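> The structure that follows is given in the form of structure tokens.
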Amino acid sequence: MLLNNINLADTLKKAQSGQDTGWIMHHILDSKELDLTPFGVIHLPELHLFGLDLSITKHVVFMWIAALILIITFIKVSKSYKKSLVPKGVTNLIEVLVLFVRDEIAKPTIGQGHEKFLPYLLTVFFFILTCNFLGLLPYAATSTSNLAVTATLAIMSFLVIQIGGILKNGFVGYFKGLLPHGIPFWLVPIMFVVELLGLFTKPFALAIRLFANMTAGHIVILALLGLIFILRTYFVVPVSISFALFIYLLEVLVAIIQAYIFTMLSSLFIGMAYHQEH
Amino acid sequence: MSYRLLLVLALVSEGGASGSPLDVNPGLMLWTIVTVFLLFLVLSKLAWKPILKSLNERENFIRESIEKAENARKEAERIIAENKANLQKAEAEAQKIVEQGREYAEKLKMQILEESKAQAKKMIEDAQKEIERKNIEAFSKLKEQVADIAVAAAEKIIRENLDKEKQIKLINKYLEDLSKN
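Chains as they are written, first to last, in the working numbering: chain A, 381 to 658; chain B, 16 to 196.
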């Protein structure tokens, strides 16, 4: 399939030689510079340690910006709670989201004992949400459209799910609980393998879903705008711009929905591992 | 479909030189772990703990307030109901007392009337009896007197019958006596 694609791509490339579409990937992919085109380019420091490329890349910078925004916001919010229990201003907005994660995500899916997982779920939710929204700003990059970032987040969720399940049910009890009740004994080895694989496919799906959703919208917007330059006509401008704007608004929705889905599914899997009797 | 085509175009243009979107950079993963973990630690201490605590406190406060208000309302309702019941009871009692009083008065009236009627009747009867008795007495006295007078007159007539003069005298005297009486 992939080979086929590459062959197709090769022909496409030959057919359109001279049409450079690299700028789309330039926007999507990670890089070692911040491209602020009319104002210049900032080259980020490179760092190599233990044979690993630990350079501070564009996506790292935007993760840090997201983290910084969150820390500043939450310092403000928690200060306002110290002043009075009645929320005001930004606190109202944050409170709605916090309550949403607590009452609509953690409580129904985990139930009893959800308090232990709330800090993780809240952190992931706000981090993904902020990263997603940062990607919608000019000059900014979407860290969550990088597979390495989403995979890491999914691995974290995976660890939280497994550790939560093992701490609650015991190491042996947890793996025993993976098997559905009342299956014939000869199915046990097969089911065990299936369920064990299931443990890994869940976070894998989490990673791919977030990555694909955050990448797709950007590519579509860039492609729509690219049409103007490929077709070299002004008539396509209103169409491209209005469609791009529509996709942009859709992306705002997707940014919220994907943060919600990642948190929701993590929470659901935690709940399944935590309360295995269900 | 268009998305795949675009992805293909993208793959082509990059030509594998600076990577594809499916590349996973271990350095970036490490940075992600570090960032998210630190963010988790900082926000746990800074935000989640105090915010969730405040939210719980506020929820408890609101719940308690509502419960208190509800209890107060129930208490008030209970008291109102009690008052109403008491009022009704008192009214009924008053009604009963008035009724009893009226009944008693009626009874008393009837009794007195009856008694007085009976008394009057008795008095009338007594009076009639007395009158009758008196009548009989008077009649018998009269009879006696008439008999006496008749006897006396007969006696005198018989006595005076002897002489005319005496007879006239006697009659005159008798008449005189009678008129004198």
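Cβ atoms here follow ideal geometry from the backbone N, Cα and C, with glycine treated the same way. Since the structure is predicted, the reported quantities are computational estimates derived from the model, not experimental observations.
Anything in chain A within Cβ reach of residue 100 of chain B, meaning under 9 angstroms, just list it in chain order.
Ordered by position in chain A, no residue passes the 9 angstroms Cβ test against residue 100 of chain B, which lies about 42 angstroms from the chain.
> Excluding sequence positions up to five away, which residues of its chain have a Cβ less than 7 angstroms from the Cβ of residue 512 of chain A?
Hits under 7 angstroms: 522, 524, 594, 635, 638, 639.
> Distance cutoff 7 angstroms, beta carbons only. Does residue 486 of chain A sit that close to anything in chain B?
Chain B contact via Cβ: absent.
> Could you name the residues of chain A that residue 84 of chain B contacts, counting a contact when the two beta carbons are closer than 8 angstroms?
Residues of chain A passing the Cβ test: none, with the nearest at roughly 18 angstroms.
> With residue 442 of chain A and residue 520 of chain A assumed to form a contact (beta carbons below 8 angstroms), what rounded beta-carbon distance in angstroms separates them?
Residue 442 of chain A to residue 520 of chain A, Cβ: 6 angstroms. Contact.
> Any beta-carbon of chain D closer than 7 angstroms to the one on residue 95 of chain B?
Any reference to chain D falls outside this structure, whose protein chains are A and B.
> On the CB-based measure, 16 or more other CB atoms within 10 Å of its CB, does residue 631 of chain A come out buried or exposed?
It is buried - the Cβ of residue 631 of chain A has at least 16 other Cβ atoms within 10 Å.
> Is it right to say residue 591 of chain A is buried, meaning 16 or more other beta carbons lie within 10 angstroms of its own, or is it exposed?
Per the 10 Å Cβ criterion, buried.
> Count the other CB atoms within 10 Å of the CB of residue 137 of chain B; is the residue buried (16 or more) or exposed (fewer)?
Label assigned to residue 137 of chain B: exposed.
> Spell out whether any CB of chain A is found under 7 angstroms from the CB atom of residue 60 of chain B.
Cβ-Cβ to chain A under 7 angstroms: no for residue 60 of chain B.
> Taking 8 angstroms as the limit between beta carbons, can you name the residues of its chain near residue 425 of chain A, skipping five residues before and five after?
Correct list, in chain order: 435, 436.
> Is the beta carbon of residue 602 of chain A closer than 7 angstroms to that of residue 407 of chain A?
Taking 7 angstroms as the Cβ cut-off, residue 407 of chain A and residue 602 of chain A qualify as a contacting pair.
> Look up residue 631 of chain A in the DSSP assignment and say whether it is helix, strand or coil.
DSSP places residue 631 of chain A in helix when its eight states are reduced to three.
> What residue ranges within the stretch 576 to 643 of chain A form continuous alpha helix (DSSP H) runs of no fewer than 4 residues, ordered along the chain?
Whole alpha helix (DSSP H) segments, 4+ residues: zero.
> Do residue 544 of chain A and residue 446 of chain A count as a contact pair if the criterion is CB distance below 7 angstroms?
For residue 446 of chain A and residue 544 of chain A, no; Cβs fall outside 7 angstroms.
> Given a limit of 7 angstroms on CB to CB distance, which residues of the stretch 424 to 441 of chain A reach chain B?
So the close ones are 432, 433, 434, 435, 437, 439, 440.
> Hey, how far is the Cα of residue 188 of chain B from the Cα of residue 158 of chain B?
Using only the alpha carbons, I get a separation of about 23 angstroms.
> Once DSSP output is grouped into helix, strand and coil, what is the label at residue 426 of chain A?
Residue 426 of chain A: coil per DSSP, three-state reduction.
> Exposed or buried, what is residue 540 of chain A when buried is set at 16 or more other beta-carbons lying within 10 Å of its beta-carbon?
Its Cβ being crowded by 16 or more others within 10 Å, residue 540 of chain A is buried.
> By Cβ distance below 6 angstroms, which residues in the same chain neighbour residue 423 of chain A in space, the five residues on each side in sequence not counted?
Taken in chain order, the residues that qualify are 413.
> Can the beta-carbon of residue 52 of chain B be found less than 7 angstroms from the beta-carbon of residue 503 of chain A?
No, the pair does not count as a contact, with Cβ atoms beyond the cut-off.
> So residue 584 of chain A and residue 534 of chain A are in contact, right, with Cβ under 8 angstroms, and what is the actual spacing, rounded?
About 7 angstroms separates the two Cβ atoms, so the contact holds.
> Is residue 421 of chain A helix, strand or coil by DSSP?
Here residue 421 of chain A sits in strand by DSSP.
> With a threshold of 16 other CB atoms inside 10 Å of the CB of residue 536 of chain A, please say whether the residue is buried or exposed.
Residue 536 of chain A should be labelled buried.
> Determine, using beta carbons only, whether residue 461 of chain A and residue 69 of chain B come nearer to each other than 7 angstroms.
Cβ atoms of residue 461 of chain A and residue 69 of chain B: closer than 7 angstroms.
> Closest to residue 454 of chain A by C-alpha separation, out of B:101, B:47, B:89, B:67, would be which residue?
The residue with the shortest Cα to Cα distance from residue 454 of chain A is B:67.
> With 16 other CB atoms within 10 Å as the buried threshold, where does residue 125 of chain B fall?
By the 10 Å Cβ count, residue 125 of chain B comes out exposed.
> Any C-beta of chain B sitting closer than 7 angstroms to the C-beta of residue 458 of chain A?
Judged by the 7 angstroms Cβ criterion, residue 458 of chain A is in contact with chain B.
> Tell me, please, which residues DSSP counts as bridged to residue 432 of chain A.
Looking at the DSSP assignment, residue 432 of chain A forms a beta bridge with A:429.
> For the stretch 44 to 55 of chain B, enumerate the residues whose C-beta is nearer than 9 angstroms to any C-beta of chain A, in chain order.
Within the stretch 44 to 55 of chain B, the qualifying residues are 44, 45, 46, 47, 48, 50, 51, 52, 53, 54, 55.
> To the nearest angstrom, how far is it from the Cα of residue 471 of chain A to the Cα of residue 47 of chain B?
In a straight line, the C-alpha of residue 471 of chain A is about 27 angstroms away from that of residue 47 of chain B.
> Run through chain A and tell me which residues come within less than 8 angstroms of residue 72 of chain B, C-beta to C-beta.
Near residue 72 of chain B (Cβ distances below 8 angstroms), the residues of chain A are 465.
> Taking C-beta pairs closer than 7 angstroms, name the residues in chain B that residue 410 of chain A reaches, listed in chain order.
In chain order: 40, 43.
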